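Enquirer: Below: one structure in structure tokens.
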Amino acid sequence: MSSSADPGDGTASTLREHAHALFDAGELHAADAAFARLAAQHPDDGALHYMRGLANKYLRDWSASLQHNLRAQALESDFDPASAWNAAIAATGCGDWEQARRQWARCGIDIPAGDGPINADFGIACVRLNPWADGETVFVQRIDPVRARLLNVPLPESGHRFADIVLHDGASTGTRWSGEADVPVFNALQVLERSDHRTFAVFIQCPDADALEQLQQATLPGIGYVEDWTLSIRHLCLRCSYGAPHTHERDDADLEEAGNDDWHPERSLGIGAQGRTAVMRLLGDWAAAGVGRHVDSVSACDSELPLPAPGRAWWRGMDEDDASP
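No gaps in the numbering here: position 296 of the sequence shown is 295 in numbering that gives the first Met the number 0, and each next residue is one more.
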């Protein structure tokens, strides 16, 4: 019997166990259908509507998720923060700001007054991009309880860009050290606002750390952020990937901090910029300002966002035994 097949005896308890098993296995469409059959038989069971809202959240069907979470709330005898959080996430995904604000108020979260999108300072955090595809983790500035702007230049393969605004889940899946404190890590669910900063993979010869800092601190219209991928991206040789000239005289895994005592001149950069002209001007000015500075390769990179596939409960934290709310 396949995981999506109906159980043999057809009792309500067995059907419910089957629906939960489908959800836990990441078979979200089948789980939603199973909970729908149960809800048709037990229309006043709020837990079934909650589970439909949860399944549709991870299917990223925000309208359906909101509908079922609101129905679960209507059947609640006591306030349930889980349905309120999930309703707020779904309303945010829909752009229903009136409903999102209402749900955050129910959760006791202080947000600025207004009618439209929430735009405040909810602190620094991290998000896992494309968590269904083992995506990278980047730092973000949270602008509302579940929306955040990317502060790093993600790898092109992620399909994300510097300054994208993403919707993220409400439950943290871990923490990461920011340099000042441990900050929560959330699963990114969807890009809500696409940045106009494209990603450029840039490979340079840089004589010392001071020269690199000058490049990173330089300001120019159209340049968003210059990130040194040499230290942060270690699981593949980017120069090999992009065909940039280089040698393998040392193992980049041995690199620690960017200092002049043991400097590696071949640097791999990610630049978030609005266009190639701005990138070339930035690099040209930098190369002309000192000896030993050379640009090996510049590649504009665009990739499609990878989509979730069934059969994986990607929303779970690393140490979770149960699915997060």
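Beta carbons are placed, not taken as given, at the ideal position from N, Cα and C, and that holds for glycine.
Just so it is clear, the structure is predicted and the values come from calculations on it, not from any experiment.
1) Does the region 137-156 come within contact of the region 166-182, defined as at least 3 CB pairs closer than 8 angstroms?
2) Please report whether the beta-carbon of T174 lies at a distance below 7 angstroms from any beta-carbon of chain D.
3) Compare the Cα-Cα distances from V126 to each of G107, A71, V190 and report the closest residue.
4) Please classify E226 as buried or exposed, where buried requires at least 16 neighbouring CB atoms within 10 angstroms.
5) According to DSSP, is C93 helix, strand or coil?
6) Touching or not, the region 17-34 and the region 267-274, by the rule of three or more beta carbon pairs under 8 angstroms?
7) Just to confirm before moving on: does the CB-CB distance between V201 and L268 stay below 7 angstroms?
8) Using C-beta distances below 7 angstroms, list every residue in its chain close to R51, excluding the 5 sequence neighbours before and after it, in chain order.
9) Compare the C-alpha of D77 against each of A46, L154, Y224, R311 and name the closest.
10) Per DSSP, V225 is paired with what?
11) Thinking C-alpha only, which one of A11, E97, S302, P307 is nearest H159?
12) According to the neighbour-count rule (16 or more other Cβ atoms, all chains shown, within 10 Å of its Cβ), is N130 buried or exposed?
13) Let me confirm a value: A54 is counted as buried when at least 16 other C-beta atoms fall within 10 Å, else exposed. Which label applies?
14) Which value, in whole angstroms, describes the spacing of the CA atoms of A18 and A86?
15) From the DSSP output, which residues share a beta bridge with S298?
16) With respect to the beta strand (DSSP E) encompassing W176, which residues constitute its N-terminal and C-terminal limits?
Expert: Let me lay it out:
1) Verdict: yes, contact present.
2) Absent here is chain D; the protein component of the structure consists of one chain.
3) In the sequence shown, residue 126 corresponds to position 127, counting from 1. Comparing Cα-Cα distances from V126 to each of G107, A71, V190, the minimum goes to V190.
4) For the purposes of this step, residue 226 is taken as the residue at position 227 of the sequence shown. With a 10 Å radius around the Cβ and a threshold of 16 neighbouring Cβ atoms, E226 comes out buried.
5) For the purposes of this step, residue 93 is taken as residue 94 along the sequence shown, with counting starting at 1. Assignment of C93 by DSSP, reduced to helix, strand and coil, places it in the helix class.
6) Three or more beta-carbon pairs separated by less than 8 angstroms are not found between the region 17-34 and the region 267-274, which leaves the two stretches without contact.
7) Taking the sequence shown and counting its residues from 1, one reaches residue 201 at position 202. Taking the sequence shown and counting its residues from 1, one reaches residue 268 at position 269. Yes, Cβ-Cβ distance for V201 and L268 is below 7 angstroms.
8) Stepping through the sequence shown from its first residue, residue 51 is reached at position 52. Sequence-distant Cβ neighbours of R51 in its own chain, meaning closer than 7 angstroms and more than five residues away, are D31, F34, A35, A38, H67.
9) In the sequence shown, counting from the first residue as 1, residue 77 sits at position 78. Per the C-alpha coordinates, the member of A46, L154, Y224, R311 positioned closest to D77 is A46.
10) To locate residue 225, count along the sequence shown from 1; it is residue 226. BP columns for V225 point to I270.
11) If you number the sequence shown from 1, residue 159 lands on position 160. Each of A11, E97, S302, P307 was checked against the Cα of H159, and the nearest Cα belongs to S302.
12) Working through the sequence shown from its first residue, we reach residue 130 at position 131. What sits at residue 130 in the sequence shown is Pro, not Asn. Here P130 is buried, its C-beta having at least 16 other C-beta atoms within 10 Å.
13) Reading the sequence shown from its first residue, position 55 is the one you call residue 54. Under the 10 Å beta carbon count, A54 is surrounded by 16 or more other beta carbons and is classified as buried.
14) Looking up residue 18 in the sequence shown gives position 19. Looking up residue 86 in the sequence shown gives position 87. Approximately 21 angstroms between the Cα atoms of the pair.
15) Counted from its first residue, the sequence shown places residue 298 at position 299. Partner(s): A200.
16) Locating residue 176 in the sequence shown gives position 177, where the first residue counts as 1. Under the DSSP assignment, W176 falls in the beta strand (DSSP E) whose first and last residues are 173-176.
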